[in-house]
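These notes concern the structure reproduced below.
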Amino acid sequence: MVYKPYVLEGVSMLLAEPLSLGTITLRNRLVMPPMAVKKGDDGTITPRVMNYYEERVKDGVFGLVITEHCYVSSTGQASPGQLSLSRDSDIEGLSQLVAMIHGCGMPVFAQINHAGGKSLLTGGASTSPAPSPRNFLTTPGDPVVSHAMTQEEIDQVIDDFAAAARRAKQAGYDGVEIHSAHEYLLNEFYSPITNQRDDAYTGSTLEGRIRLHCQIIQAVREAVGKDYPMSLRLGALDYAEGSSTIEDAVQACQRFEQEGVDMLSISGGLCGYRKPDAKGEGYFGEESQAVKQAVSIPVLLTGGVRTKEGAEQLLAEGKADLIGVGRPVFKSGSWAPEEFADLLK
Ligand SMILES: Cc1cc2nc3c(=O)[nH]c(=O)nc-3n(C[C@H](O)[C@H](O)[C@H](O)COP(=O)(O)O)c2cc1C
1418 MVYKPYVLEG
1428 VSMLLAEPLS
1438 LGTITLRNRL
1448 VMPPMAVKKG
1458 DDGTITPRVM
1468 NYYEERVKDG
1478 VFGLVITEHC
1488 YVSSTGQASP
1498 GQLSLSRDSD
1508 IEGLSQLVAM
1518 IHGCGMPVFA
1528 QINHAGGKSL
1538 LTGGASTSPA
1548 PSPRNFLTTP
1558 GDPVVSHAMT
1568 QEEIDQVIDD
1578 FAAAARRAKQ
1588 AGYDGVEIHS
1598 AHEYLLNEFY
1608 SPITNQRDDA
1618 YTGSTLEGRI
1628 RLHCQIIQAV
1638 REAVGKDYPM
1648 SLRLGALDYA
1658 EGSSTIEDAV
1668 QACQRFEQEG
1678 VDMLSISGGL
1688 CGYRKPDAKG
1698 EGYFGEESQA
1708 VKQAVSIPVL
1718 LTGGVRTKEG
1728 AEQLLAEGKA
1738 DLIGVGRPVF
1748 KSGSWAPEEF
1758 ADLLK
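Using this note's numbering, the first residue of the sequence shown is number 1418, and each one after it goes up by one.
As structure tokens, then:
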């Protein structure tokens, strides 16, 4: 779907500039990033989920909405109430959500995820799937021990991501985002702290740590076709001993671009969406800027942005091409239309 570019008359604002993203054009640079509402019923949309999104998108302030992470298989569910894209029967409910957001004039991406070592133990499992054995806490906070995934399990996950992306497209989503941040499965393969493997996915080389990402990108591309926008959210650094480095993030993102990703979203790794000890607007800005300078696809920066001026400054400094605003939007549907009133149609 092509959205009509929108330019504010007489107002020079980087945030208000349209942006081409694969086959679609975003009306402005403000993004509602994925945030789990956890109000689904057995993975399906409920009226509470619809109401949550409707309250936040009805004013049409965002250039792009990315809905919360959906699990690609029941073995990779992060929390009760999380939405699913693991079954064809999920398509119908999500298509209603997409139609509602389109009705408010905005394109919308689905985020697809496997929770890896942090997965809930479902179907009688006693351990969670991860690159290597390790103690994890699930998102609700329960301790869980992981096992090293077999090649068969890895192949299944690749298929599951591809099938979930295909379902997202069938539900009418304008694009799909692969989640590789916040200590979930792909982040666990990427981080040398959680990846202790010594096979083709070895944790001792960047090539090994992003092998699964590249396989998933290729499988998703095959499932959705060459023109369908695809984003990848990277938990660039863990900010802990043995963490991946900024050079790793840059090289990984260059590789993801070569593999056919259309957009990169920069966030935290094993540390989650907060950067330890960092405050201020755009606290992953150093990382997103390094990536932006090394790739030619749009880069999204999210974390700590609380003002229109702050967002504008981050764009002016070349920290990113798009700015996400999370928690204030999660808390209130009226915050973004008030703070970013200049962007309203
Ligand atoms: C309640 C909540 C749920 C979140 N769920 C997700 C998610 O599903 N996927 C994801 O990539 N990030 C998720 N995040 C992280 C946000 O996308 C964002 O990166 C984070 O809130 C930092 O940005 P902020 O400082 O503007 O809030 C979540 C954050 C919150 C507060």
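C-beta: ideal position from N, C-alpha, C; glycine also.
Inset, instruction - Can you grab the Cα-Cα spacing for the pair V1593 / P1609, in whole Å? - result: 26 Å
Legend entry - Residue nearest to R1504 in terms of C-alpha spacing, selected from A1579, M1467 and R1465: A1579
Legend entry - Contacts around D1458, its chain only, beta-carbon distance under 6 Å, and the 5 residues preceding and following it disregarded: none
Inset, instruction - Note down the Cα distance separating V1742 from A1617, rounded to an integer number of angstroms. - result: 37 Å
Inset, instruction - Taking the CB atoms as reference points, tell me whether A1733 and L1538 lie closer together than 9 Å. - result: no
Legend entry - Integer-rounded CB distance, given that F1701 should sit under 8 Å from G1720: 5 Å
Inset, instruction - Please check the pair Y1488 and A1532, which I expect to be a contact at CB under 8 Å, by giving their CB distance rounded to whole angstroms. - result: 7 Å
Legend entry - Burial state of T1763, where buried means 16 or more other Cβ atoms lie within 10 Å: The structure shown does not extend to residue 1763, since the chain is modelled only from 1418 through 1762, so no value can be given for it.
Inset, instruction - Please report how far the alpha carbon of G1558 lies from the alpha carbon of P1546, in whole angstroms. - result: 17 Å
Legend entry - H1531: CB within 8 Å of a non-hydrogen atom of ligand 1: no
Inset, instruction - Specify the secondary structure class of F1757 as computed by DSSP and reduced to three states. - result: coil
Legend entry - For Q1613, the nearest candidate out of S1563, H1596, K1709 and F1747 (CA to CA): S1563
Inset, instruction - Tell me, please, whether the region 1661 to 1678 touches the region 1511 to 1526 by the rule of three or more beta-carbon pairs shorter than 8 Å. - result: no
Inset, instruction - Could you check which residue in K1475, G1689 and P1715 has the C-alpha nearest to that of W1752? - result: K1475
Legend entry - 8 Å Cβ shell around V1746 - same chain, five flanking residues per side excluded: M1449, M1452, R1473, W1752 and A1753
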